[in-house]
Each structure stands twice: as structure tokens, then as C-alpha cells.
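Asker: One structure coming up, written as C-alpha cells, with questions to follow.
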Amino acid sequence: MNRRIPLQQDENVLSALTGLFEIFDGIQNVYFGELFLTNKRLYIVSKNLINVEESLWFEGEMRDIGHSALIVGEHQITVRWICRGNLLTFRKMFQQLNVNV
Numbered sequence: 508m509n510r511r512i513p514l515q516q517d518e519n520v521l522s523a524l525t526g527l528f529e530i531f532d533g534i535q536n537v538y539f540g541e542l543f544l545t546n547k548r549l550y551i552v553s554k555n556l557i558n559v560e561e562s563l564w565f566e567g568e569m570r571d572i573g574h575s576a577l578i579v580g581e582h583q584i585t586v587r588w589i590c591r592g593n594l595l596t597f598r599k600m601f602q603q604l605n606v607n608v
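Okay, so the sequence shown: first residue is 508 according to the numbering used here, each after it adds one.
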């Protein structure tokens, strides 16, 4: 998780996970890659098999459901399997943003 990601001037990375993620926004997609939590968005990067980068900006609703799911607007990300990172720490940081946004 030493990947450098493009950040805005006032944006910083709070936590990151590497693993298998399922995203649902009307279409179900599964990615193996890195999920970054910043003070402004969830950012997923998958370079394995497919090359995708997607930002979910904290402009809409933010909430969590269950023990491994995060919702930002119309997007739901479910963490299926973790290779590196701490999901509990990641969720706590996400929940703190929920209160502050």
C-alpha cells in the first residue's frame, strides 16, 4: 500500500486496505485492489486483470451497514477479503467522517 494516489491540495489519506471489494451502484462489480479512505472520498484502484480507478466523493449520503459494508451516495462497497490493512481501523475512520461531514 505504498502507492501514491492523486490527491487534491487539502486532501489526505486516513486509511487504506488491499483486498477483494464488491461495489454496487445498480451494477455489481468485484475488484481486487486498494481502497483508500481520504477526508473527501473513498478511492478504489484495481490494476489486476482490469485497470480501474474510481472515486466516491463524500457529497451524498454516507453510512455503514453491517460489519464490512460502506455506503457513499448510491454506491455500496463491501469488503469481501483483506490481504493487507485493518478493516476495524478503516471503519472507525469512516464512521468519524460520517459524524464530521
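By construction, the Cβ of each residue, glycine as well, lies at the ideal position given by its N, Cα and C atoms.
According to DSSP, what are the bridge partners of isoleucine 530?
Answerer: Isoleucine 530 pairs with Asn536, Ile584.
Asker: Which residues bound the beta strand (DSSP E) around isoleucine 512?
Answerer: Taken as a continuous stretch (DSSP letters only), isoleucine 512 belongs to no beta strand (DSSP E), as it is neither H nor E.
Asker: Report the rounded CA-to-CA distance for valine 537 versus glutamate 568, giving the unit in angstroms.
Answerer: Spanning the two alpha carbons is a distance of roughly 22 Å.
Asker: Quick one: Cα of methionine 508 to Cα of phenylalanine 543, how far?
Answerer: With a pLDDT of only 49 at methionine 508, under the threshold of 50, the placement of this residue in the model should not be trusted; the figure read from the coordinates follows. Approximately 9 Å between the Cα atoms of the pair.
Asker: Look up phenylalanine 565 in the DSSP assignment and say whether it is helix, strand or coil.
Answerer: Here phenylalanine 565 sits in coil by DSSP.
Asker: How big is the Cα-Cα spacing for threonine 525 and phenylalanine 601?
Answerer: Using only the alpha carbons, I get a separation of about 16 Å.
Asker: Report the rounded CA-to-CA distance for glutamate 581 versus asparagine 519, giving the unit in angstroms.
Answerer: Distance between the alpha carbons of glutamate 581 and asparagine 519 is about 23 Å.
Asker: Beta-carbon of glutamine 603 versus every beta-carbon of chain B: anything under 8 Å?
Answerer: In the structure shown, chain B cannot be found, because there is only a single protein chain.
Asker: Report yes if the C-beta of asparagine 558 is less than 7 Å from at least one heavy atom of the ligand GDP; otherwise report no.
Answerer: The ligand GDP is absent from the structure shown, which contains no ligand whatsoever.
Asker: Whole angstroms is fine: what's the gap from asparagine 558's alpha carbon to threonine 585's?
Answerer: Their backbone Cα atoms lie some 19 Å apart in a straight line.
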